[in-house]
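The structure under discussion appears below in the form of structure tokens.
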Amino acid sequence: MEIVLETQKLKKEYGGKGLTFIVLEDIDLKVYKGEFLGIMGPYGAIRSREDHSFKYFIYY
Numbered sequence: 038m039e040i041v042l043e044t045q046k047l048k049k050e051y052g053g054k055g056l057t058f059i060v061l062e063d064i065d066l067k068v069y070k071g072e073f074l075g076i077m078g079p080y081g082a083i084r085s086r087e088d089h090s091f092k093y094f095i096y097y
């Protein structure tokens, strides 16, 4: 099957003024053509920002 998205050791952090928040760390992921990827989390979580990060990597 064809891989359309693959990450290895993905890390994402935000911060400023001495504070750093790690929101993703050491993520290995493969998404194959025809599969769906869902990102879940509680209300107010950082997931909408991560959705925006991933959209730049997905090309069909």
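In the numbering used here, the protein residues as written are 38 to 97. Where is the CB? At the ideal position from N, CA and C, for every residue including glycine. Everything numeric in this text was worked out from a predicted model, so none of it was measured.
Item to check | Helix, strand or coil at residue 96 according to DSSP, with G and I counted as helix | outcome: No answer about residue 96 holds up, because its pLDDT of 47 lies below 50 and its placement is not dependable.
Next on the checklist: Does residue 47 come out as helix, strand or coil in the three-state DSSP assignment?
Outcome noted: DSSP places residue 47 in strand when its eight states are reduced to three.
Checklist entry - Over what stretch of residues does the beta strand (DSSP E) that includes residue 70 continue unbroken? => result Element bounds for residue 70: n/a, residue is neither H nor E.
Checklist entry - With DSSP run on the structure shown, which of helix, strand or coil describes residue 52? => result strand
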